[in-house]
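Peer 1: When the letters of the sequence shown are read in order and numbered with our numbering, they come out as residues 10 to 431.
A virtual CB, placed ideally from N, CA and C, is assigned to each residue, including glycine.
Shown below is the structure under consideration.
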Amino acid sequence: MQGVLASGYADWPIIHQIAWLLGKLMDGIYNVMDGLFGIQNIGVCIIIFTIIIYTLMIPLTIKQQKWSKMSSVMNPEIQKIQKKYAGKRDQASMLKQQEEMQIVYEKYGTSPTGGCLPMLIQMPILFALYPVISNIPNYVEGVKNVYMPVVNQIMATDGFQKIMEGIGSAKPVLMSPQSFDYSQAETLVNVLYKFQDSTWTTLVDKMPSLEGIVANTTQAMGHLNSFLGINIGETPMTMFMTALADFSIIGIILAVIIPVLAGLTQFISVKLQPQPATDQENPMASSMKMMTYTMPLFSVFLGFTLPAGLGLYWAVSAIVRCVQQLAINKYLSKKSTEELIAENQKKAAKKREKKGTSAQEINKMATTSTKNVTAAKKSSISEDERKQKLEKAAEYSKNAKEGSLASKANLVSRYNSSNSKK
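Right, dumping it as structure tokens:
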């Protein structure tokens, strides 16, 4: 993850703007907690921040869950059409398959992108969350101010840039001088924010004049970063190894609690989500089943290797999603599939009417069965209407003016008729 950040994705358009906005929210939470309650704790701010963000995304989550429920009803019909045209790669067959599948979506008032759109909207938000959580001082002025005294003293030391580049390139910081400008105060603040106890000791060894200011800074940061006895600035793996060396049972429990909680809550969150019905022969079914177990394990791994603050965010976000999912499941359980279809058709009808499609055509598309697509196209007019049109055409042809296309067509027809008699 740190490598991804170093690649500069946090500065990409849209993600950068969203991260700036989320940073303002985090800064506001810190100032409110400090001003009203006198609480200066990054862990508490991360929890409140995560709850607010995922609460704001509830409408998108509900929309995605509705599509998932509708998908379980549509999939049998979609898969039937796919099997019908399996192996047919000619243009006519592909167009026909696309047309029949579109009618299924029309019937249920949805679209192939119905489930992807909410996810695509959420993704930039989720991407923008990471730089905010991992670089709190960039966005929270109160936290940045704690580091500024030591940063100013570092910058007043001869050869500070080379020293800080050497410390910052190694673990646990891993901020390459090729990607970050160590002559800037903002960069040094971000480097110091990733320091652990051993890193501060290295800094004092390289710059002995900083011993006093480092002691004051680490004391202040210990107050900010301490959450239930866990230093959210350190990685749980480092805490675990230290506790193991000291034979501290409490230290081991504190080190593993956030990564384990992150994996467990991730697993519960995935299991609570309604799974769309899929054909067991479909490779997607097995891949989805595998994701149910691999994602929580991946969360545990990240929880151990990244700072505990990120693991805390990961765990809290999964807990919030679990609570939300229970509420959404209860809400959707009160709605039958027929009600959801009716709601979708109503929304789809309004969209099409805006584009000029009549309500009668919409209802006809909504009630058309895919089995009768071809038949419906062939019998779009009644037999009586067809006869009337043929009689009108014959009458028009008989009374055609001399020299017109119709009269010439009659000459050709009579010529062909006389040849056939001969």
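1. Could you name each continuous alpha helix (DSSP H) segment of 4 residues or more that falls completely within the segment 59–104, going from the start of the chain to the end?
2. Rounded to whole angstroms, how far is the Cβ of Ala28 from the Cβ of Val152, which I believe are closer than 8 Å?
3. Quick one: what's got a C-beta closer than 7 Å to Val223's C-beta in the same chain, skipping five residues either side?
4. Which value, in whole angstroms, describes the spacing of the CA atoms of Asn144 and Gln275?
5. Whose C-alpha, out of Asp206, Phe236, Gly118, Pro22, is nearest the C-alpha of Pro133?
6. Report the CB separation of Ile62 from Leu138 in whole angstroms; it is logged as a contact under 8 Å.
7. What did DSSP end up calling Thr377 once you bin it into helix, strand or coil?
8. Name the residue from Cys331, Asp20, Lys360 whose alpha carbon lies nearest to the alpha carbon of Ser434.
9. What are the complete alpha helix (DSSP H) segments, minimum 4 residues, inside the segment 184–253?
10. Could you check the C-alpha separation between Ser257 and Ala229 for me, to the nearest Å?
11. Looking at the structure shown, is Leu145 part of a helix, part of a strand, or coil, going by DSSP?
12. Could you give the residue range of the alpha helix (DSSP H) that holds Asp36?
13. So, with DSSP's three-state summary, where would you put Asp167?
14. Can you have a look at Val332 and say buried or exposed, based on whether 16 or more other CB atoms are within 10 angstroms of its CB?
15. Do Glu195 and Asn234 have their CB atoms nearer than 9 Å?
16. Report all residues from its chain with a CB closer than 7 Å to the CB of Leu253; omit the five preceding and five following residues, and keep chain order.
17. Can you have a look at Ser192 and say buried or exposed, based on whether 16 or more other CB atoms are within 10 angstroms of its CB?
18. Are Met128 and Gln73 touching if we call contact CB-CB under 9 Å?
19. Is Asn353 helix, strand or coil by DSSP?
20. Which residue marks the beginning of the alpha helix (DSSP H) containing Phe276, and which one marks its end?
21. Measure how close the beta-carbons of Leu263 and Met248 come, nearest whole angstrom, since I'm counting them as under 8 Å.
22. Determine, using beta-carbon pairs with one atom in the segment 315–325 and one in the segment 44–60, whether at least three such pairs fall under 8 Å.
23. By how many angstroms is the C-alpha of Ile71 removed from the C-alpha of Ile78?
24. Kindly indicate which residue of Ala95, Ile259, Thr301, Gln162 has the alpha-carbon position closest to the one of Ser218.
25. Within the continuous alpha helix (DSSP H) that includes Tyr322, where are the two ends?
26. Whose C-beta lies closer than 8 Å to the C-beta of Val382 among residues of the same chain, with five residues either side of it excluded?
27. On the premise that Ile266 lies in contact with Gly318, defined as a C-beta separation below 8 Å, what is that separation, rounded to the nearest angstrom?
28. Assuming the contact rule is C-beta atoms closer than 8 Å, Asp36 and Val198 should be a hit. Round their C-beta distance to whole Å, please.
29. Is the Cβ-Cβ distance between Gly272 and Pro316 less than 9 Å?
30. Only counting the same chain, and skipping five residues up and downstream in sequence, which positions put a Cβ closer than 7 Å to that of Ser120?
31. Could you check how far apart the C-beta atoms of Gln354 and Gly44 are, in whole angstroms? I think they sit under 8 Å.
32. Check the C-beta distance from Ile172 over to Lys215 and give it rounded, since I have them as a contact under 8 Å.
33. What is the rounded straight-line gap between the Cα of Ile90 and the Cα of Ile38?
34. Beta-carbon within less than 7 Å of Thr227's beta-carbon, same chain only, minus the 5 sequence neighbours each way: which residues are those?
35. When you compare each of Gly32, Gly221, Glu243 to Phe204 by their alpha carbons, which one comes out closest?
Peer 2: If we stick to the structure as given:
1. 67–93, all fully within the segment 59–104.
2. Translated into the one-based positions of the sequence shown, residue 28 becomes position 19. Translated into the one-based positions of the sequence shown, residue 152 becomes position 143. The pair is not a contact, with the Cβ atoms about 16 Å apart (cut-off 8 Å).
3. For the purposes of this step, residue 223 is identified with residue 214 of the sequence shown, where counting begins at 1. Contacts found: Val159, Trp209, Leu212, Val213.
4. Taking the sequence shown and counting its residues from 1, one reaches residue 144 at position 135. Taking the sequence shown and counting its residues from 1, one reaches residue 275 at position 266. Rounded to whole angstroms, Asn144 to Gln275 spans 24 Å at the Cα level.
5. Here residue 133 refers to the residue found at position 124 of the sequence shown. Across the set Asp206, Phe236, Gly118, Pro22, the C-alpha of Pro22 shows the shortest separation from the C-alpha of Pro133.
6. For the purposes of this step, residue 62 is taken as the residue at position 53 of the sequence shown. For the purposes of this step, residue 138 is taken as the residue at position 129 of the sequence shown. About 7 Å; that satisfies the 8 Å criterion.
7. Translated into the one-based positions of the sequence shown, residue 377 becomes position 368. Any reading at Thr377 must be qualified, since the residue scores a pLDDT of 48, below 50, and its modelled position is unreliable; no value is offered.
8. Coverage of the chain is limited to positions 10 through 431, which leaves residue 434 absent and any answer about it impossible.
9. Qualifying alpha helix (DSSP H) stretches, in chain order: 194–202, 206–215, 220–234.
10. As a working note, residue 257 is residue 248 in the sequence shown. As a working note, residue 229 is residue 220 in the sequence shown. Cα-Cα distance, rounded: 25 Å.
11. For this step, residue 145 is matched to residue 136 along the sequence shown. Position check: residue 145 holds Ile in this sequence, whereas Leu was assumed. Here Ile145 carries a helix assignment [DSSP, helix/strand/coil].
12. The residue given as residue 36 occupies position 27 in the sequence shown. Residues 24–46.
13. For the purposes of this step, residue 167 is identified with residue 158 of the sequence shown, where counting begins at 1. Note: Asp167 maps to coil in three-state DSSP.
14. The residue labelled residue 332 in the question sits at position 323 within the sequence shown. The C-beta of Val332 has fewer than 16 other C-beta atoms within 10 Å across all chains shown, which makes the residue exposed.
15. The residue labelled residue 195 in the question sits at position 186 within the sequence shown. The residue labelled residue 234 in the question sits at position 225 within the sequence shown. At a Cβ-Cβ threshold of 9 Å, Glu195 and Asn234 do not count as neighbours.
16. Position 244 of the sequence shown, counted from the first residue, corresponds to residue 253. Closer than 7 Å at the Cβ level, and outside the excluded window around Leu253, lie Ile261.
17. As a position in the sequence shown, residue 192 is number 183, starting the count at 1. Only exposed fits Ser192, as fewer than 16 other CB atoms lie within 10 angstroms of its CB.
18. Stepping through the sequence shown from its first residue, residue 128 is reached at position 119. Stepping through the sequence shown from its first residue, residue 73 is reached at position 64. In this structure, Gln73 lies closer than 9 Å to Met128 by Cβ.
19. Position 344 of the sequence shown, counted from the start, is the residue given in the question as residue 353. Asn353: helix per DSSP, three-state reduction.
20. Indexing the sequence shown from 1 puts residue 276 at position 267. Taken as a continuous stretch (DSSP letters only), the alpha helix (DSSP H) holding Phe276 covers 258–281.
21. Sequence index remark: in the sequence shown, residue 263 carries index 254 (1-based). Sequence index remark: in the sequence shown, residue 248 carries index 239 (1-based). Their Cβ separation, rounded to whole angstroms, is 7 Å, which keeps Leu263 and Met248 in contact under 8 Å.
22. Three or more beta-carbon pairs separated by less than 8 Å link the segment 315–325 to the segment 44–60, which places the two stretches in contact.
23. On the sequence shown, residue 78 is found 69 positions in, with the first residue counted as 1. On the sequence shown, residue 71 is found 62 positions in, with the first residue counted as 1. Per the sequence shown, the amino acid found at residue 78 is Lys instead of Ile. Approximately 10 Å, taken between the alpha carbons.
24. Indexing the sequence shown from 1 puts residue 218 at position 209. Measuring C-alpha to C-alpha distances from Ser218 to each of Ala95, Ile259, Thr301, Gln162 identifies Gln162 as the nearest.
25. By one-based count along the sequence shown, residue 322 stands at place 313. Taken as a continuous stretch (DSSP letters only), the alpha helix (DSSP H) holding Tyr322 covers 317–342.
26. Here the question's residue 382 lines up with position 373 in the sequence shown. Residue placement at Val382 is poorly supported in this model, since its pLDDT is 41, which falls under 50; the coordinates still yield a value, given next. Scanning its chain for C-beta atoms nearer than 8 Å, with the 5 sequence neighbours on each side dropped, one finds around Val382 the residues Glu108, Glu109, Ile112, in chain order.
27. On the sequence shown, residue 318 is found 309 positions in, with the first residue counted as 1. On the sequence shown, residue 266 is found 257 positions in, with the first residue counted as 1. Rounded to whole angstroms, the Cβ separation of Gly318 and Ile266 is 14 Å, and the two are not in contact under 8 Å.
28. To locate residue 36, count along the sequence shown from 1; it is residue 27. To locate residue 198, count along the sequence shown from 1; it is residue 189. So it is not a contact: roughly 14 Å between Cβ atoms.
29. Locating residue 272 in the sequence shown gives position 263, where the first residue counts as 1. Locating residue 316 in the sequence shown gives position 307, where the first residue counts as 1. Result no, Cβ atoms of Gly272 and Pro316 do not sit closer than 9 Å.
30. Stepping through the sequence shown from its first residue, residue 120 is reached at position 111. Excluding the 5 residues flanking it on each side, Ser120 has same chain C-beta neighbours closer than 7 Å at Tyr114, in chain order.
31. To locate residue 354, count along the sequence shown from 1; it is residue 345. To locate residue 44, count along the sequence shown from 1; it is residue 35. The beta carbons of Gln354 and Gly44 sit about 51 Å from each other, so the pair does not count as a contact at 8 Å.
32. Stepping through the sequence shown from its first residue, residue 172 is reached at position 163. Stepping through the sequence shown from its first residue, residue 215 is reached at position 206. In this structure Ile172 touches Lys215 by the C-beta definition: roughly 5 Å separates them, less than 8 Å.
33. Reading the sequence shown from its first residue, position 81 is the one you call residue 90. Reading the sequence shown from its first residue, position 29 is the one you call residue 38. In a straight line, the C-alpha of Ile90 is about 52 Å away from that of Ile38.
34. The residue labelled residue 227 in the question sits at position 218 within the sequence shown. Only Trp209 meet the Cβ criterion.
35. Here residue 204 refers to the residue found at position 195 when the sequence shown is read from its first residue. By alpha-carbon distance to Phe204, the top candidate from Gly32, Gly221, Glu243 is Glu243.
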